Amino acid sequence: MAIRQRKGRKKPWEVYWNNPFTLKRESLYVETEEEAKKQDALKKYQLKFERDMFRREEIPPLKIEHTFESAYYLFLKERRFPENALKDHLKKMQPSLAFFQNMLLNEIDNAKLKELVFHFLSMNVSASSLKRYLSQVFSVIRWAYENEVLKELPRFPKLPHIEHEHFVPPTQQELAQIYAHAPEHIRRVIVLGSQMGMRVGPSEMFGLKWSDVDFDNKVIHLRAAKKNKREPVRDIPIRHVLIETLKAWHNADMATGVIHLIHYGNKPVHSIRKAWGKILIRAGIQRRIRPYDLRHAFATEAIAAGADIGTVAKIMGHASLTMVLKHYQHVLDSQKRAAAESVPVPVYVAENMWHSVARKTVSQ
56 MAIRQRKGRK KPWEVYWNNP FTLKRESLYV ETEEEAKKQD ALKKYQLKFE RDMFRREEIP
116 PLKIEHTFES AYYLFLKERR FPENALKDHL KKMQPSLAFF QNMLLNEIDN AKLKELVFHF
176 LSMNVSASSL KRYLSQVFSV IRWAYENEVL KELPRFPKLP HIEHEHFVPP TQQELAQIYA
236 HAPEHIRRVI VLGSQMGMRV GPSEMFGLKW SDVDFDNKVI HLRAAKKNKR EPVRDIPIRH
296 VLIETLKAWH NADMATGVIH LIHYGNKPVH SIRKAWGKIL IRAGIQRRIR PYDLRHAFAT
356 EAIAAGADIG TVAKIMGHAS LTMVLKHYQH VLDSQKRAAA ESVPVPVYVA ENMWHSVARK
416 TVSQ
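First residue of the sequence shown: 56, per my numbering; consecutive thereafter.
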């Protein structure tokens, strides 16, 4: 028990004591010292003879029943996605939010998740889009369970098998046509994508700065996409034939104070989708070629030229060989055929000896 004065307050006299049950300090404020002394005496009496009055009824914590939507926003708050990634995540989650509406999170079970699958199938979404939508939903539910927002984890339905699209990368002739009709910033995209295997987009190429380019050691220190968390930065060798090209870009950008390799109007680029479509039309390309296919062109040409698969995967920033083996098996098959045919003909055995050996074996 004690009294103290807290100047500058409407009620400057504080009476404070320790609660014998909670062991926490409690206090009250009065206007005069005389009133403070009275309260102090009262509290001393109560602490000695009426201790039970200091018991505090435990108030059960407020139970919050989260809907899928409210849990999703908690998930986003913790993850703190960059602005563009957040917009993309929200856009892809809209169909699922519309499906669940105000459904409580603990009411979502295996049967409800199967309904969601059939809902998407009725919308004729592609298998890859379906997997992407469901993966987002499953990620939120897992996060809610791990963070005790959800008590029981529902059993997730099996996702449909996806036949990965067979990519037909641009040929050297097509690349030459596109390059001839492209503005400067797209030409840079073509070179970096098809010659170094970078991911075309904000995750890698569009974030590349001149400070990441090491001309002395002829490498680019690329801040890799978040897909490969084990290697946040990877070194990509700069081909000898590209050194002078990159130096010319560098000199031009230093003159205007631009720090990003890919820029338009001296400002960083976030998307080239519209510009790319117009360039394909001008170049007379009628089939579908995406900017991302520049990366596939790099892998295809490198593997076809006999490059080690593991090295190609490392340059491209794949965490494992799985993606390379999955998408470029046709190139590997032809490479294996070429390797088998490259073995010299066995000149140490005459051609007719094979037949004679076979006849002896049969006769015995």
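Cβ coordinates follow ideal geometry from the N, Cα and C atoms, glycine included. Just so you know, these numbers come straight off a predicted model, no measurement behind them.
Option nearest residue i by Cα separation, candidates the options
{"i": "Y127", "options": "H325, Q149 and I275", "result": "Q149"}
{"i": "I344", "options": "Q227, L301 and R80", "result": "Q227"}
{"i": "E229", "options": "A182, I336 and Y188", "result": "I336"}
{"i": "L297", "options": "L247, H325 and D267", "result": "L247"}
{"i": "N161", "options": "S177, T122, S183 and E138", "result": "T122"}
{"i": "E112", "options": "M251, L97 and T77", "result": "T77"}
{"i": "M260", "options": "L83, G372, F136 and A359", "result": "G372"}
{"i": "R64", "options": "H240, W72, P238 and L83", "result": "L83"}
{"i": "Q101", "options": "K79, R80 and P75", "result": "P75"}
{"i": "M253", "options": "D290, A360 and A237", "result": "D290"}
Rounded C-alpha distance that separates residue i from residue j
{"i": "G312", "j": "H318", "result": "12 Å"}
{"i": "K369", "j": "R278", "result": "13 Å"}
{"i": "D308", "j": "A357", "result": "30 Å"}
{"i": "H174", "j": "K302", "result": "53 Å"}
{"i": "V244", "j": "S266", "result": "18 Å"}
{"i": "K132", "j": "P346", "result": "32 Å"}
{"i": "N272", "j": "V288", "result": "16 Å"}
{"i": "Q94", "j": "D107", "result": "18 Å"}
{"i": "A362", "j": "S375", "result": "16 Å"}
{"i": "D164", "j": "V223", "result": "41 Å"}
{"i": "F353", "j": "A360", "result": "11 Å"}
Contact set for residue i: own chain, Cβ-Cβ below 7 Å, skip 5 residues either direction
{"i": "S125", "result": "none"}
{"i": "R61", "result": "P67 and E69"}
{"i": "E120", "result": "L159"}
{"i": "E88", "result": "W68"}
{"i": "L168", "result": "P209, F211 and P212"}
Cβ-based neighbour list, residue i, same chain, cut-off 6 Å, excluding 5 preceding and 5 following
{"i": "T416", "result": "Confidence at T416 is low in this model, with a pLDDT of 48, below 50, so its placement is unreliable and the value that follows should be read with caution. So the list is empty, once near-sequence residues are dropped."}
{"i": "A91", "result": "I58, W68, V70 and V85"}
{"i": "W198", "result": "F130"}
{"i": "L263", "result": "L316"}
{"i": "A338", "result": "Q232, I233 and H236"}
Simplified DSSP state of residue i, which is helix, strand or coil
{"i": "S258", "result": "coil"}
{"i": "S82", "result": "strand"}
{"i": "I344", "result": "coil"}
{"i": "H295", "result": "helix"}
{"i": "P150", "result": "helix"}
{"i": "I275", "result": "strand"}
{"i": "I60", "result": "The sequence as given places Gln at residue 60; Ile does not occur at that position. Note: Q60 maps to strand in three-state DSSP."}
{"i": "L208", "result": "coil"}
{"i": "L349", "result": "helix"}
{"i": "N321", "result": "coil"}
{"i": "V65", "result": "Correcting the residue type first, residue 65 is Lys in the shown sequence and not Val. Here K65 sits in coil by DSSP."}
{"i": "L159", "result": "strand"}
{"i": "D267", "result": "helix"}
Nonlocal neighbours in the same chain, by C-beta distance under 8 Å from residue i, ignoring five residues either side
{"i": "K147", "result": "R187, Y188 and Q191"}
{"i": "A153", "result": "none"}
**Study point:** In chain order, each beta strand (DSSP E) run of at least 3 residues that lies wholly inside the stretch 67-141
**Key:** For secondary structure counted as the beta strand (DSSP E) over 3 or more consecutive residues, the stretch 67-141 holds these complete runs in sequence order: 68-73 and 80-85.
Point to revise | alpha helix (DSSP H) runs wholly inside the stretch 211-250, at least 4 long, in chain order | key: Counting only unbroken stretches of 4 or more residues, the alpha helix (DSSP H) elements lying wholly within the stretch 211-250 are 227-235, in sequence order.
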